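> Respectively, the protein sequence lines represent chains F and W. Per this note's numbering, the very first residue in the first sequence carries number 21; after that it's consecutive. Per this note's numbering, the very first residue in the second sequence carries number 2; after that it's consecutive. Quick reminder that beta carbons are idealized off the backbone N, C-alpha and C, glycines included. Being a predicted model, the structure only gives us computed values, none of them experimental. One structure, as structure tokens, below. Some questions next.
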Amino acid sequence: MSLILIAALPFLGALLPGLMIRSGRTACAWATASVTLTALIGLLVHAPAVMRGEVIQYQLEWMPLLGLNANFFLDGLGLLFAGLILGIGLLIIIYARFYLSRQDPMGQFYTYLLLFQGAMVGIVLSDNVLMLLIFWELTSLSSFLLIGYWKHLPEGRQGARMALAVTGMGGLALIGGMLILGNIVGSYDLTVILQNKELIQASPLYLPALILILLGCFTKSAQFPFHFWLPHAMAAPTPVSAYLHSATMVKAGLFLMARLWPVLAGTPEWFYIVATTGLITMVLGAVIALFKDDLKALLAFSTVSHLGLITMLLGFGTPFAAVVAVFHIINHATFKAALFMSAGIVDHETHTRDIKRLGGLRHLMPVTFTIVMVAGLSMAGIPLFNGFLSKEMMLDAATEAAWNGNHWLVPALATLGALFSVAYSFRLIVHTFLGPKRDDYPAKPHDPGFGMWAPPALLAVLVVLIGIMPALMVGPLVATASGAVIGGDLPYYSLKIWHGVNAALFMSIAAVVGGLVLLAMHRPLDAAWIRARRPEAKAIFDALMRAVTGAANALTDGLHNGAMTRYAAVFTLAVIAAGSAAWFGGTNPAPAREALAIGPVPLIGWILLMVATVCMVAYHRNRLLSLVLMGIVGLIVSVAFAYMSAPDLALTQISVEVVTIILLLLALNFLPKHSPVESSNARRFRDGTIAVLGGLAVGGLSLAMLLSDFSQESISAFHLANSKPGGGGTNVVNVILVDFRGFDTFGEIIVLGIAALVIFAMTESVLGSPVGAWLKQRPINPLEAGDRHPLMMVVATRVMMPIALMVGVFIFLRGHNEPGGGFIAGLIVAIALVMQYMASGFDWATARQRYPYHMIIALGVFAAAFTGIGSWFADRPFLTSNYGYFQIPPMGEFELATAMAFDVGVFLCVVGAVMLGLESLSRFAHRAGDRPSPYPMDIDPSRDLPQEAKDA
Amino acid sequence: MEYLLASAIGAMTAAGIYLLLRQRTFPVILGISMLTYAVNLFLFASGRIAINLPPVLLNKTPTYTDPLPQALVLTAIVISFGMTAVVVLMGLGAYLSARTDHVNLNEGQDDNAEAGK
Numbered sequence: 021m022s023l024i025l026i027a028a029l030p031f032l033g034a035l036l037p038g039l040m041i042r043s044g045r046t047a048c049a050w051a052t053a054s055v056t057l058t059a060l061i062g063l064l065v066h067a068p069a070v071m072r073g074e075v076i077q078y079q080l081e082w083m084p085l086l087g088l089n090a091n092f093f094l095d096g097l098g099l100l101f102a103g104l105i106l107g108i109g110l111l112i113i114i115y116a117r118f119y120l121s122r123q124d125p126m127g128q129f130y131t132y133l134l135l136f137q138g139a140m141v142g143i144v145l146s147d148n149v150l151m152l153l154i155f156w157e158l159t160s161l162s163s164f165l166l167i168g169y170w171k172h173l174p175e176g177r178q179g180a181r182m183a184l185a186v187t188g189m190g191g192l193a194l195i196g197g198m199l200i201l202g203n204i205v206g207s208y209d210l211t212v213i214l215q216n217k218e219l220i221q222a223s224p225l226y227l228p229a230l231i232l233i234l235l236g237c238f239t240k241s242a243q244f245p246f247h248f249w250l251p252h253a254m255a256a257p258t259p260v261s262a263y264l265h266s267a268t269m270v271k272a273g274l275f276l277m278a279r280l281w282p283v284l285a286g287t288p289e290w291f292y293i294v295a296t297t298g299l300i301t302m303v304l305g306a307v308i309a310l311f312k313d314d315l316k317a318l319l320a321f322s323t324v325s326h327l328g329l330i331t332m333l334l335g336f337g338t339p340f341a342a343v344v345a346v347f348h349i350i351n352h353a354t355f356k357a358a359l360f361m362s363a364g365i366v367d368h369e370t371h372t373r374d375i376k377r378l379g380g381l382r383h384l385m386p387v388t389f390t391i392v393m394v395a396g397l398s399m400a401g402i403p404l405f406n407g408f409l410s411k412e413m414m415l416d417a418a419t420e421a422a423w424n425g426n427h428w429l430v431p432a433l434a435t436l437g438a439l440f441s442v443a444y445s446f447r448l449i450v451h452t453f454l455g456p457k458r459d460d461y462p463a464k465p466h467d468p469g470f471g472m473w474a475p476p477a478l479l480a481v482l483v484v485l486i487g488i489m490p491a492l493m494v495g496p497l498v499a500t501a502s503g504a505v506i507g508g509d510l511p512y513y514s515l516k517i518w519h520g521v522n523a524a525l526f527m528s529i530a531a532v533v534g535g536l537v538l539l540a541m542h543r544p545l546d547a548a549w550i551r552a553r554r555p556e557a558k559a560i561f562d563a564l565m566r567a568v569t570g571a572a573n574a575l576t577d578g579l580h581n582g583a584m585t586r587y588a589a590v591f592t593l594a595v596i597a598a599g600s601a602a603w604f605g606g607t608n609p610a611p612a613r614e615a616l617a618i619g620p621v622p623l624i625g626w627i628l629l630m631v632a633t634v635c636m637v638a639y640h641r642n643r644l645l646s647l648v649l650m651g652i653v654g655l656i657v658s659v660a661f662a663y664m665s666a667p668d669l670a671l672t673q674i675s676v677e678v679v680t681i682i683l684l685l686l687a688l689n690f691l692p693k694h695s696p697v698e699s700s701n702a703r704r705f706r707d708g709t710i711a712v713l714g715g716l717a718v719g720g721l722s723l724a725m726l727l728s729d730f731s732q733e734s735i736s737a738f739h740l741a742n743s744k745p746g747g748g749g750t751n752v753v754n755v756i757l758v759d760f761r762g763f764d765t766f767g768e769i770i771v772l773g774i775a776a777l778v779i780f781a782m783t784e785s786v787l788g789s790p791v792g793a794w795l796k797q798r799p800i801n802p803l804e805a806g807d808r809h810p811l812m813m814v815v816a817t818r819v820m821m822p823i824a825l826m827v828g829v830f831i832f833l834r835g836h837n838e839p840g841g842g843f844i845a846g847l848i849v850a851i852a853l854v855m856q857y858m859a860s861g862f863d864w865a866t867a868r869q870r871y872p873y874h875m876i877i878a879l880g881v882f883a884a885a886f887t888g889i890g891s892w893f894a895d896r897p898f899l900t901s902n903y904g905y906f907q908i909p910p911m912g913e914f915e916l917a918t919a920m921a922f923d924v925g926v927f928l929c930v931v932g933a934v935m936l937g938l939e940s941l942s943r944f945a946h947r948a949g950d951r952p953s954p955y956p957m958d959i960d961p962s963r964d965l966p967q968e969a970k971d972a
Numbered sequence: 002m003e004y005l006l007a008s009a010i011g012a013m014t015a016a017g018i019y020l021l022l023r024q025r026t027f028p029v030i031l032g033i034s035m036l037t038y039a040v041n042l043f044l045f046a047s048g049r050i051a052i053n054l055p056p057v058l059l060n061k062t063p064t065y066t067d068p069l070p071q072a073l074v075l076t077a078i079v080i081s082f083g084m085t086a087v088v089v090l091m092g093l094g095a096y097l098s099a100r101t102d103h104v105n106l107n108e109g110q111d112d113n114a115e116a117g118k
């Protein structure tokens with residue numbers, strides 16, 4: 021199976037649980053399990069090749085120029101982790117089937133689980149660093165969903181948030197570190213990065229990159245001082261804890277450290293940061309674990325401790341320690357997942373996880389007891405179980421390590437950690453299962469069904485098998501995986517139980533004896549622990565979060581106080597300042613053009629425009645008047661376009677002007693007709709100053725532009741030269757719109773359509789709210805109740821309708837060669853239609869409007885799109901146009917261009933959008949009780965006259 | 002001519018900005034419209050002023066006006082209509098729902114801040 025498929029399968033499979041849950045919980049579980057099983061089989065098919073030392077690769081180029089490729093590779097380390105993720109994932113899926121109760125939404129659970137699984141597999145198989153980062157973030161997100169799965173539990177939600185905050189923050193740091201790493205090497209491919217150890221370690225950016233990457237790893241793998249999120253994540257259902265927090269997600273950080281070990285390890289910085297952090301975490305986690313009464317909290321801190329152990333081993337930077345780390349990853353995954361699942365069983369059966377309320381379960385739950393005993397002894401590092409082997413090797417590796425020249429510190433602390441580890445492991449076994457049977461369990465405990473204990477039992481069997489025959493069971497796997505970590509020859513090591521009498525053996529014995537002593541003294545120690553003042557991580561975290569949120573709120577509220585006018589003023593000033601800085605900071609071209617002479621006509625237009633503009637500001641409180649003045653401004657602008665050789669623009673501007681004014685009038689119908697005097701004089705002076713400044717700046721800029729020459733050759737010459745031969749039209753503006761820049765226009769008509777739909781949707785929501793009900797019942801204003809549909813207007817618009825439509829068609833058809841085109845034609849037709857609405861009323865017109873405007877917009881977009889797609893059939897790029905000349909006697913030769921079909925799309929879209937917008941707005945006017953009038957006008961002589969008069 | 006066009010653009014910008022800084026939705030919308038005129042004319046002016054030049058290709062004349070800014074401005078005019086329509090409806094919906102057409106969250110807040118100084 022190709023690697024991309026292995027990584028994609030869980031994601032694709034995540035759709036299944038939601039569908040299968042309808043067929044029952046068992047079917048759902050099987051469907052989920054089959055996805056994971058398929059991926060696992062697909063992975064194992066590659067196992068023999070990987071064991072031979074090959075590296076399986078899969079490459080998919082996406083954006084090679086940016087270094088973004090979907091490259092996957094599978095080597096020993098990837099195989100080990102992917103195997104753990106999929107293998108333990110399979111067991112967890114089976115276990116969860118029996119663990120989750122009927123009230124829990126199981127489909128959701130399995131979907132989250134598969135999403136998580138896919139993200140994890142993606143991390144370990146990624147060859148591209150950027151892709152790895154995406155998968156990394158995905159694990160944070162999916163684990164957030166899983167930890168907060170029990171949404172009704174506040175602990176679950178808080179734990180999920182905390183985990184997301186901590187790991188997400190680490191993820192951000194990791195992105196920075198990985199990008200630096202990729203920059204140093206010049207490639208984002210892991211396989212390339214891994215071959216550039218000297219380059220990376222010699223770089224001055226090595227230390228920042230290392231720190232950032234380690235921040236990502238430490239947060240993910242719950243290393244001190246980021247360890248606190250893991251215990252809080254235990255609010256998750258136990259299958260999640262067993263999967264994410266023992267076997268997989270928390271090991272992602274370890275994986276990354278192991279993955280980058282060949283290029284990052286071996287320096288003093290690496291040793292002191294990684295090994296020290298690991299050592300502290302190991303000891304601290306083990307000490308806290310001993311005093312936890314909650315089974316899962318105990319296991320959580322023990323996990324923290326073991327993760328610290330592995331981190332420390334990786335931090336030593338020696339090949340032997342790396343081998344031990346790999347070996348312990350396997351061992352820890354087996355016994356810890358088994359223990360978590362068993363803790364879940366105990367919780368499930370006795371309804372409590374409090375060790376102080378348990379004890380004596382040995383006879384009540386013999387199967388569970390056996391599993392816990394096997395896995396727990398392994399965790400304690402007792403011979404014949406796999407934990408013993410790796411712990412011996414760890415102690416052996418620790419004796420080699422010198423911390424700042426000090427040879428006894430690391431071994432001593434490692435032994436201390438092991439000692440506490442023995443103590444809490446035995447406490448777990450002894451205080452839960454041994455001792456006298458009690459009669460106050462919250463529920464009557466008994467062993468669960470086969471489905472629930474089979475997964476941990478399988479792991480327990482592995483614990484024993486690896487413990488007795490390590491070389492046979494996992495020898496090759498450890499060798500291949502360690503080979504991938506070290507990236508060179510393997511050091512001498514042997515996986516066996518008896519290494520002879522050496523220092524590690526004595527340390528081990530000391531740890532076991534000391535641990536048992538500690539356990540015997542647990543009661544007084546525990547009392548002392550409870551009395552002691554300990555920093556509470558959650559309180560610190562919460563205080564920190566409160567402080568950060570408070571600061572963010574203060575900043576946001578300070579900047580965003582809700583005063584729109586202030587934002588606008590600040591924004592305008594900022595733009596003026598930036599523009600002025602650019603203007604005065606650069607060199608400006610000297611005026612190179614002679615100003616054209618001022619004729620009388622433009623001067624009159626200018627005076628009109630200036631007067632209208634000034635009046636508009638002066639009388640802006642009278643809204644109707646200011647609207648009229650705005651109409652004047654718009655008209656002058658249209659005329660200016662026409663005067664300055666732009667008839668297309670003039671036509672567009674004037675028709676847009678009409679619909680805009682209609683629109684604003686419609687709105688004004690419901691808005692207050694006057695603006696009150698609110699601003700103080702100082703305020704008005706301030707705004708006036710800003711406005712004058714802005715006007716001067718823009719005016720000055722325009723003048724400078726108008727009087728200077730083009731700094732570069734304009735591309736207009738190309739358009740002029742190719743319009744006729746390439747686009748088949750002599751109206752260059754229209755050819756640019758429908759041909760040269762047809763794709764832009766395509767986007768624009770879509771935007772226009774969306775704007776109309778937005779207006780429609782907003783209208784719907786306003787009219788659907790209580791406001792709509794109020795509007796319907798509002799009293800009739802006597803001023804507006806007069807002759808609403810006057811005879812003269814109705815007749816005039818009826819006569820004008822066909823003429824206007826003819827003009828529209830004419831403007832449209834000539835558009836390719838003469839001024840005109842789809843935009844203008846659309847606006848003219850829209851105006852012709854709006855006139856009917858205005859004359860005879862909304863209800864009357866709507867009743868006669870057969871095609872919904874939504875459909876017209878959609879038709880327009882489709883027409884334009886299909887015209888564009890049509891060129892694919894001629895093996896041309898999207899929207900390549902073609903044209904030809906046809907003879908139709910007796911009309912003579914005329915031209916047909918595909919661009920015309922595109923222009924039809926533009927036309928339809930404009931008509932639909934304008935009409936939908938105006939129609940939506942007019943719906944506000946509808947009152948309850950309004951009935952569509954059967955007559956187009958209020959007074960109709962032919963209707964109102966008596967019958968005799970008509971006959972005569 | 003250049004001076005007329007530039008001063009007109011400047012005047013409309015100034016009026017637009019002043020209205021934009023008012024505290025009621027309707028003047029703000031008018032201000033945006035005024036700014037739109039100014040911006041469209043400004044874009045158009047980037048092709049420089051051409052008077053009495055043919056906008057379409059004719060065989061007789063060798064010079065033409067610059068078609069590119071015209072094409073850009075043409076779509077800009079249409080799009081700005083769409084934008085105005087959306088803004089108008091937002092203003093209308095806000096007024097009907099909140100029973101005030103004040104643009105600021107807290108009415109007169111800006112003025113109070115001003116008075117406090």
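Could you tell me whether any Cβ in chain F is nearer than 8 Å to the Cβ of I10(W)?
Residue contact with chain F for I10(W): present (Cβ-Cβ distance below 8 Å to some residue of chain F).
> Could you tell me how far apart the beta carbons of A353(F) and P251(F) are, in whole angstroms, since I believe they sit closer than 8 Å?
The pair is not a contact, with the Cβ atoms about 19 Å apart (cut-off 8 Å).
> P609(F): which of F730(F), A598(F), L685(F) sits nearest, CA to CA?
Residue F730(F) is the option with its Cα nearest to P609(F).
> Secondary structure at F82(W), three-state DSSP: helix, strand or coil?
Of the three classes helix, strand and coil, the one that applies to F82(W) here is helix, per DSSP.
> Determine the closest residue to G188(F) out of K171(F), L161(F), S942(F), T211(F), with distance taken between C-alpha atoms.
L161(F)
> Please report how far the alpha carbon of L153(F) lies from the alpha carbon of L106(F), in whole angstroms.
20 Å
> Helix, strand or coil, according to DSSP, for Y38(W) in the structure here?
Here Y38(W) carries a helix assignment [DSSP, helix/strand/coil].
> Taking 7 Å as the cut-off, is the C-beta of M21(F) nearer than that to any heavy atom in the ligand ATP?
In terms of ligand content, the structure shown is empty, and the ligand ATP therefore cannot be addressed.
> Excluding the 5 residues preceding and the 5 following G109(F) in the sequence, name in chain order all residues of the same chain whose CB lies nearer than 7 Å to its CB.
T56, Q137, Y263
> Could you pull out every unbroken beta strand (DSSP E) segment of at least 3 residues lying fully inside the region 677-719 of chain F, listed in chain order?
none
> Would you say L100(F) and V344(F) are within 8 Å of each other, going by their C-beta atoms?
Here L100(F) is not near V344(F), since their CB atoms are 8 Å or more apart.
> In the region 622-639 of chain F, which residues sit with their C-beta less than 9 Å from some C-beta in chain W, listed in chain order?
P622, L623, G625, W626, L629, M630, T633, V634, M636, V637
> Report, in whole angstroms, the separation of the C-beta atoms of S940(F) and F780(F), which I expect to be a contact under 8 Å.
Your pair S940(F) and F780(F) checks out as a contact, with CB atoms roughly 5 Å apart and the cut at 8 Å.
> Measure how close the beta-carbons of S441(F) and G401(F) come, nearest whole angstrom, since I'm counting them as under 8 Å.
7 Å
> What residue range does the alpha helix (DSSP H) around I220(F) cover?
217-222
> Following the continuous alpha helix (DSSP H) through Y663(F), name the residue where it begins and the one where it ends.
643-663
> When the Cα atoms are used, what is the spatial distance from A753(F) to I656(F)?
For clarity, residue 753(F) is Val in the given sequence; the question names Ala instead. Spanning the two alpha carbons is a distance of roughly 21 Å.
> If you measure beta-carbon to beta-carbon, which residues of the region 12-30 of chain W are closer than 9 Å to chain F?
A12, M13, T14, A15, A16, G17, I18, Y19, L20, L21, L22, R23, Q24, R25, T26, F27, P28, V29, I30
> Starting from F760(F) and walking both ways along the alpha helix (DSSP H), at which residues does that stretch end?
Counting along the chain, F760(F) falls outside any alpha helix (DSSP H), and DSSP gives it neither H nor E.
> Return the residue from the list F291(F), A601(F), G507(F) that minimises the CA-CA distance to N424(F).
Checking every option, the nearest Cα to that of N424(F) belongs to F291(F).
> Do you know whose CA, among G714(F), A816(F), R761(F), lies nearest Q71(W)'s CA?
R761(F)
> Tell me whether T64(W) is buried or exposed, calling it buried when 16 or more other Cβ atoms sit within 10 Å of its Cβ.
exposed
> For chain W, is any of its Cβ atoms less than 8 Å away from the one on E784(F)?
Not an interface residue.
> Report the residues of the region 917-931 of chain F with a CB closer than 8 Å to any CB of chain W, ordered along the chain.
V930
> Since L44(W) meets chain F, which of its residues come closer than 9 Å, beta carbon to beta carbon?
None at all; the shortest Cβ gap to chain F is about 10 Å.
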